[in-house]
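Student: As you go down the protein sequences, you meet chains A and V in turn. Everything in the first sequence is counted per my numbering, starting at 143 for the first residue and increasing by one. Everything in the second sequence is counted per my numbering, starting at 123 for the first residue and increasing by one. Think of the CB as a built atom: it goes at the ideal place given N, C-alpha and C, for glycine as much as any other residue. Predicted model, so just to flag it, every value in this text is computed and none were measured.
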Amino acid sequence: GESVGLHLPTLSVQEGDNSIINCAYSNSASDYFIWYKQESGKGPQFIIDIRSNMDKRQGQRVTVLLNKTVKHLSLQIAATQPGDSAVYFCAEMKASSYKLIFGSGTRLLVRP
Amino acid sequence: EAGVTQFPSHSVIEKGQTVTLRCDPISGHDNLYWYRRVMGKEIKFLLHFVKESKQDESGMPNNRFLAERTGGTYSTLKVQPAELEDSGVYFCASSQVLGNTEAFFGQGTRLTVV
């Protein structure tokens, strides 16, 4: 499968702890902000999205926070599990363009 | 239901050769996208099909890349002639609804040009 880039920032957490993955975005005109997860050997998988007019959205064990003032997006994972180990990518989308603009990834390692 | 499938999973070719990557989207998904990740950097958009038509090909790096989707089903991405900087992982994704933030990705094709 695809190997993770050598220079990806890495977050290492203990199993059961909460994880927070951060992303800075550049385009204030984006309509949606999205988080994708990529496990080794697989393609990116959608986790959760948030509209630009919202500041918080919760899913199952995940919460996405959007701070438009400082152009910051974060993904919080509650009770992190070994299966959460992956590379996480933030992405943006303008409703008129239909394409995903990905940010740099963050590798999450979960220690047993 | 089968997900997005890509073939081959790996390809190693010499500089100057031609390679064709194939993507089979989820059945019924009119929207098909190609992305690539080069040298461990960000995943970059290449182009977007709606059925057999190219909706947006603004991400195609140069005219050595040719994408087709005849009949609006599977798609091919041909690189001719391949250069060293084309090495990377090429992803295909599909979605049913235009503008859906949830795109379904294939496992990718790792292309190595030597």
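What did DSSP end up calling residue 223(V) once you bin it into helix, strand or coil?
Tutor: DSSP places residue 223(V) in coil when its eight states are reduced to three.
Student: Where does residue 144(A) fall in DSSP's three states?
Tutor: Note that residue 144(A) scores 37 on pLDDT, short of 50, meaning its location in the model is unreliable and no value can be drawn from it.
Student: Can you give the beta carbon distance from residue 208(A) to residue 175(A), rounded, assuming they're within the 8 Å contact cut?
Tutor: Yes, they are in contact, since the Cβ atoms of residue 208(A) and residue 175(A) sit about 6 Å apart, within 8 Å.
Student: Quick check on this structure: which residue in 179(V), 208(V), 213(V), 221(V) has the alpha carbon closest to the alpha carbon of residue 134(V)?
Tutor: Nearest option by C-alpha distance: 208(V).
Student: Listed in chain order, which residues of the stretch 162-181 of chain A have Cβ atoms closer than 7 Å to some Cβ of chain B?
Tutor: Any reference to chain B falls outside this structure, whose protein chains are A and V.
Student: Does DSSP classify residue 159(A) as helix, strand or coil?
Tutor: Three-state DSSP puts residue 159(A) in coil, outside helix and strand.
Student: Count the other CB atoms within 10 Å of the CB of residue 211(A); is the residue buried (16 or more) or exposed (fewer)?
Tutor: That one is exposed.
Student: Note down, in chain order, each residue of its chain lying with its Cβ closer than 7 Å to the Cβ of residue 219(A), except the 5 sequence neighbours on either side.
Tutor: Answer for residue 219(A): 160, 161, 203, 204, 226, listed in chain order.
Student: Taking 9 Å as the threshold (beta carbon to beta carbon), is residue 225(A) in contact with chain V?
Tutor: Cβ-Cβ to chain V under 9 Å: no for residue 225(A).
Student: With distance defined between alpha-carbon atoms, name the residue in 188(A), 206(A), 173(A), 190(A) nearest to residue 237(A).
Tutor: Per the Cα distances, 173(A).
Student: Contact criterion: CB-CB distance below 9 Å. Does residue 220(V) meet it with respect to chain A?
Tutor: Cβ-Cβ to chain A under 9 Å: yes for residue 220(V).
Student: Check the C-beta distance from residue 186(A) over to residue 148(V) and give it rounded, since I have them as a contact under 8 Å.
Tutor: Not a contact, Cβ separation roughly 15 Å.
Student: I'd like to know whether the C-beta of residue 230(A) is nearer than 9 Å to at least one C-beta of chain V.
Tutor: Residue 230(A) does not count as touching chain V.
Student: State whether the stretch 241-254 of chain A contacts the stretch 190-204 of chain V, with contact taken as three or more CB pairs (one from each stretch) at a distance under 8 Å.
Tutor: The answer is no - the stretch 190-204 of chain V does not touch the stretch 241-254 of chain A, with fewer than three Cβ pairs under 8 Å.
Student: Return the chain-ordered list of same chain residues with a C-beta closer than 6 Å to the C-beta of residue 143(V), the five sequence neighbours on each side being excluded.
Tutor: Excluding residues within five positions, the ones whose Cβ falls inside 6 Å are 199, 212, 231.
Student: Strictly below 8 Å CB to CB, what residues from chain V border residue 216(A)?
Tutor: Residues of chain V passing the Cβ test: none, with the nearest at roughly 17 Å.
Student: Which residues in the same chain as residue 157(V) place their Cβ atom closer than 7 Å to its Cβ, once the five residues preceding and following it in sequence are excluded?
Tutor: Same-chain partners within the cutoff: 165, 166, 167, 168, 213, 215.
Student: Given this structure, state the Cα-to-Cα distance separating residue 181(A) from residue 188(A), to the nearest angstrom.
Tutor: Using only the alpha carbons, I get a separation of about 12 Å.
Student: How many Å lie between residue 201(A) and residue 190(A) at the Cα?
Tutor: Whole-angstrom Cα-Cα distance: 7 Å.
Student: With C-beta atoms as the reference, is residue 191(V) less than 9 Å away from residue 174(V)?
Tutor: Contact flag set, yes.
Student: Can you find a CB in chain A that lies within less than 9 Å of the CB of residue 173(V)?
Tutor: It does not: the Cβ of residue 173(V) has no partner Cβ on chain A nearer than 9 Å.
Student: Let me confirm a value: residue 132(V) is counted as buried when at least 16 other C-beta atoms fall within 10 Å, else exposed. Which label applies?
Tutor: Classification of residue 132(V): exposed, given that the 10 Å Cβ count is below 16.
Student: Quick check on residue 137(V): buried or exposed, where buried means 16 or more other Cβ atoms within 10 Å of its Cβ?
Tutor: Classification of residue 137(V): exposed, given that the 10 Å Cβ count is below 16.
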